[in-house]
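Have a look at the structure below before the remarks.
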Amino acid sequence: MSTLTSTEPACVAVVGLGFSGTAVAIHLMRGLPRGSRLLLIEPAARRARGLAYGTRCASHWLNVPAGRLGLEPAHEAGFIDWLQRRYGAYSAAEFVPRMLLGDYLAEALAEAEQRAHSRGVQVQTLAAGVRAIEPAAEGAMRLALDDGSTCLAERVVLATGHLAPEAPRLPDVPGAPPWGTPGLIDRPWDDAALAALPEDGDLLLLGSGLSAIDLLTWLQDRGHAGRVTMLSRRGLLPQPHRSLEARPRPGLWPLQALADAPGLRVMLRSVRRWAAEARAEGRDWRDVMASLRASTPALWQRLTLRERRQFLRHLQPWWDTHRHRLAPGIQHRLQAALRTGQAEVQAGRLQAIVPAPGGGFEVRWRPRGAEAGVQAQRRVAAVVNCTGPSARVGHAPATVAGALLASLQAQGRLMVDELGLGLKVDAAHRLLDARGQPQPGLYYVGPMLKAQHWEAIAIPELRVHAQAVAEHLLRQVPVRAPA
Ligand SMILES: Cc1cc2nc3c(=O)[nH]c(=O)nc-3n(C[C@H](O)[C@H](O)[C@H](O)COP(=O)(O)OP(=O)(O)OC[C@H]3O[C@@H](n4cnc5c(N)ncnc54)[C@H](O)[C@@H]3O)c2cc1C
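If you're matching positions, the sequence shown starts at 0 in numbering that gives the first Met the number 0 and goes up one per residue.
In structure tokens form, the structure reads like this:
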């Protein structure tokens, strides 16, 4: 292994430049003292976008209105201000393509970098993945990159984001081909595999959530001529956002009632009652969700492990479809596709995918509620796993993020939560090791905070965590004498 830079460790290395790493880096660049060195490490060709905002498909829309997506908690209008400066036409209530948010993040990162340089802060970007992190002399850490080089840092922020979706285990049927066989695509973000999909055959998507609908709109843009079947256990689709004009009205319900509730059942009953009251009074159930959002982490932390398990088993699909909603424009496209039969949704449990005579696959499932032995089937040209990102370290496919976390896990340097939702950290976002001890200098920010907060995967929450990590780090960094 070659040594990449000076033998002096950087004061901070940020690993991963999606939304979370970009937000941490920008805060750090503003606050680090002259003479500090910051490393930004990201293998993707386009920095500052990550999985969600790196899409090049104009039909992949944000699911939060533009007015609420600024980089900083204190300036949630940051993105809409940028959009209006640049393009004039947009309004704060509007839903816009995700790639525009990527442009905003990339520009904000480049500007912060320029200012940092002019203040004498050295910022270096390494276009590589980190595959291992090991202790080095004097409390520093050595980062091994996948190009064979290494670098040193006193503190490391992991902002490695989502793990790739886990392909559902294919039922053990004689002749069943494995995932990865041409036409059996295990990741909906594998551009090369998607490009090879036939343009006119029927397709089956496993899942009927946001990932499946992303793929459906991408297929529509490509002029796909075949029928698209979305198969999921319950056949639930994400609910739409309200129209652009209606303003959300959070804070209408007595959340103290939930804080005092003795458990999950009573919480659920209260939420249902409020939603019914909202409907009866001509208001919108989405206001109940909006009211809950800020309190969700505290409520989640009050649930026992058993209650969290019950929530995941029985309520999560309903929570997800009501909480993570579709932009109205995408909802209209989806409804039109369902009406014309271009798309259909099926509820059931996958039973087999086998090669069909003459090409393609026969997919069989047991419809939800049907008796044992009853099967439905479709003959399709290809199947795509759209079951959404995984958070299960050691189980998800070995992407650059998965490999690094698995290596830290093997060293006993991280603690995954009992429910497979993510990673455990302390109040300062330091990763807990396998014994539950916070690790000096090693931080995490990103969607795997879901394990501790449940509500932690979208920008409005991530920007708060990113700022907290950066502020904590800035308090740790010693002011150096000018060189
Ligand atoms: C398809 C999709 C759409 C979404 N849409 C929205 C939305 O509209 N609104 C909203 O609020 N939220 C949305 N989200 C939620 C999303 O979780 C957050 O908004 C946010 O993008 C998460 O950013 P992140 O930086 O934590 O993770 P990611 O975006 O996953 O970025 C992680 C980065 O780390 C890099 N990386 C990983 N491992 C390594 C390594 N070992 N070494 C170096 N670099 C590494 C990756 O290359 C990647 O660039 C969406 C999520 C998805 C998956």
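Just so it is clear, CB atoms sit at the ideal spot from N, CA and C, and this is done for glycine as well.
Just so we're clear, the structure is a prediction, and the values are computed from it rather than from any experiment.
Exercise. Can the beta-carbon of residue 60 be found closer than 8 Å to that of residue 328?
Worked result: Walking along the sequence shown from the start, residue 60 turns up at place 61. Walking along the sequence shown from the start, residue 328 turns up at place 329. Yes.
Exercise. Assuming residue 142 contacts residue 122 under a Cβ cut-off of 8 Å, what Cβ separation, rounded to an integer in Å, is found between them?
Worked result: In the sequence shown, the residue the question calls residue 142 occupies position 143. In the sequence shown, the residue the question calls residue 122 occupies position 123. With a Cβ gap of about 16 Å, residue 142 and residue 122 do not count as contacting.
Problem set entry | Start-end ranges of the beta strand (DSSP E) lying completely within the segment 114 to 199, minimum 3 residues | 121 to 125, 129 to 134, 140 to 144, 148 to 157
Problem set entry | Nearest neighbour of residue 269, chosen from 278, 280, 239, 252 [CA to CA] | For the purposes of this step, residue 269 is identified with residue 270 of the sequence shown, where counting begins at 1. For residue 269, the nearest C-alpha among the options comes from 252.
Problem set entry | Distance CB(residue 447)-CB(residue 422) smaller than 8 Å | Here residue 447 corresponds to residue number 448 of the sequence shown, with the count starting at 1. Here residue 422 corresponds to residue number 423 of the sequence shown, with the count starting at 1. It is a contact, given that the beta carbons lie within the stated cut-off.
For this session: Using 7 Å as the cut-off, classify the Cβ of residue 101 as near or not near the heavy atoms of ligand 1, replying yes or no.
Result: Counting from one through the sequence shown, the residue named residue 101 turns up at place 102. Residue 101 Cβ: outside cutoff for every heavy atom of ligand 1.
For this session: Within the same chain, show all residues whose beta-carbon is closer than 7 Å to that of residue 394, passing over the 5 residues directly before and after it, in chain order.
Result: Numbered from 1 along the sequence shown, position 395 holds the residue referred to as residue 394. Result list for residue 394: 165, in chain order.
Exercise. Is residue 465 helix, strand or coil when you go by DSSP?
Worked result: The residue labelled residue 465 in the question sits at position 466 within the sequence shown. Correct three-state label for residue 465: helix.
For this session: Kindly identify the DSSP beta-bridge partner or partners of residue 229.
Result: As a first step, residue 229 must be located in the sequence shown, where it is residue number 230. Per DSSP, 204, 344.
For this session: Assign residue 443 to one of three DSSP states: helix, strand, or coil.
Result: The count along the sequence shown starts at 1 and reaches residue 443 at position 444. Residue state, collapsed to three classes: strand.
Problem set entry | For residue 78 and residue 103, the rounded distance between their alpha carbons | Sequence index remark: in the sequence shown, residue 103 carries index 104 (1-based). Sequence index remark: in the sequence shown, residue 78 carries index 79 (1-based). Between residue 103 and residue 78, the C-alpha separation is close to 7 Å.
For this session: Using DSSP bridges, identify the partner residues of residue 74.
Result: Counting from one through the sequence shown, the residue named residue 74 turns up at place 75. Beta-bridge pairing links residue 74 to 71.
For this session: Could you tell me if residue 58 is buried or exposed, where buried requires 16 or more neighbouring beta carbons within 10 angstroms of its beta carbon?
Result: For the purposes of this step, residue 58 is taken as residue 59 along the sequence shown, with counting starting at 1. The residue in question, residue 58, is buried, as its Cβ has 16 or more Cβ neighbours within 10 Å.
Exercise. Nearest to residue 326 by alpha carbon, out of 97, 74, 6?
Worked result: Working through the sequence shown from its first residue, we reach residue 326 at position 327. Of 97, 74, 6, the residue nearest in Cα terms is 97.
Exercise. Is the CB-CB distance between residue 182 and residue 357 below 8 Å?
Worked result: The residue labelled residue 182 in the question sits at position 183 within the sequence shown. The residue labelled residue 357 in the question sits at position 358 within the sequence shown. In this structure, residue 357 does not lie closer than 8 Å to residue 182 by Cβ.
Exercise. Taking all protein chains shown into account, do 16 or more other C-beta atoms lie within 10 angstroms of the C-beta of residue 15, making it buried, or fewer, making it exposed?
Worked result: Counting from 1 along the sequence shown, the entry for residue 15 is found at position 16. Looking at its Cβ environment, which holds 16 or more other Cβ atoms inside 10 Å, residue 15 is buried.
Problem set entry | Range of the contiguous alpha helix (DSSP H) that encloses residue 43 | Looking up residue 43 in the sequence shown gives position 44. Taken as a continuous stretch (DSSP letters only), residue 43 belongs to no alpha helix (DSSP H), as it is neither H nor E.
Exercise. How many Å lie between residue 30 and residue 197 at the Cα?
Worked result: The residue you call residue 30 lines up with position 31 of the sequence shown. The residue you call residue 197 lines up with position 198 of the sequence shown. For residue 30 and residue 197, the distance between alpha carbons rounds to 51 Å.
For this session: Starting from residue 325, trace the alpha helix (DSSP H) both ways and give me its first and last residue.
Result: The residue labelled residue 325 in the question sits at position 326 within the sequence shown. Note, residue 325: premise wrong, no alpha helix (DSSP H); not H, not E.
Exercise. Can you tell which of 55, 107, 11, 119 has its C-alpha closest to the C-alpha of residue 32?
Worked result: Here residue 32 refers to the residue found at position 33 when the sequence shown is read from its first residue. Looking at the Cα atoms, 119 is the closest of the given residues.
Exercise. Is the segment 400 to 415 touching the segment 423 to 436, taking contact as three or more C-beta pairs under 8 Å?
Worked result: yes
Exercise. Unbroken alpha helix (DSSP H) runs of length 4 or more, entirely within the segment 254 to 318: which are they?
Worked result: 255 to 258, 263 to 279, 284 to 292, 295 to 301, 304 to 309
Exercise. Can you name, in chain order, every residue of its own chain whose Cβ lies under 8 Å from the Cβ of residue 2, other than the five neighbours on each side?
Worked result: Translated into positions along the sequence shown, residue 2 becomes position 3. Low per-residue confidence applies at residue 2: pLDDT is 41, beneath 50, and the placement is therefore not dependable, though the value from the model is reported in the following sentence. Cβ within range, chain order: 148, 149, 150.
Exercise. Is residue 159 closer than 8 Å to residue 420 when the C-beta atoms are compared?
Worked result: Taking the sequence shown and counting its residues from 1, the one referred to as residue 420 is at position 421. Taking the sequence shown and counting its residues from 1, the one referred to as residue 159 is at position 160. No.
Exercise. In this structure, does DSSP put residue 360 in helix, strand or coil?
Worked result: In the sequence shown, counting from the first residue as 1, residue 360 sits at position 361. Of the three classes helix, strand and coil, the one that applies to residue 360 here is strand, per DSSP.
Exercise. Since residue 13 sits in a beta bridge, which residues does DSSP pair it with?
Worked result: As a first step, residue 13 is located in the sequence shown; it is residue number 14 there, counting from the start. DSSP output for residue 13 lists 39, 156 as bridge partner(s).
Exercise. The alpha helix (DSSP H) spanning residue 50 covers which residue range?
Worked result: In the sequence shown, the residue the question calls residue 50 occupies position 51. It spans 49 to 52 - the alpha helix (DSSP H) in which residue 50 sits, taken as one unbroken run.
For this session: Could you tell me the distance, in whole angstroms, from the CA atom of residue 313 to the CA atom of residue 319?
Result: Translated into positions along the sequence shown, residue 313 becomes position 314. Translated into positions along the sequence shown, residue 319 becomes position 320. So the two alpha carbons sit approximately 12 Å from each other.
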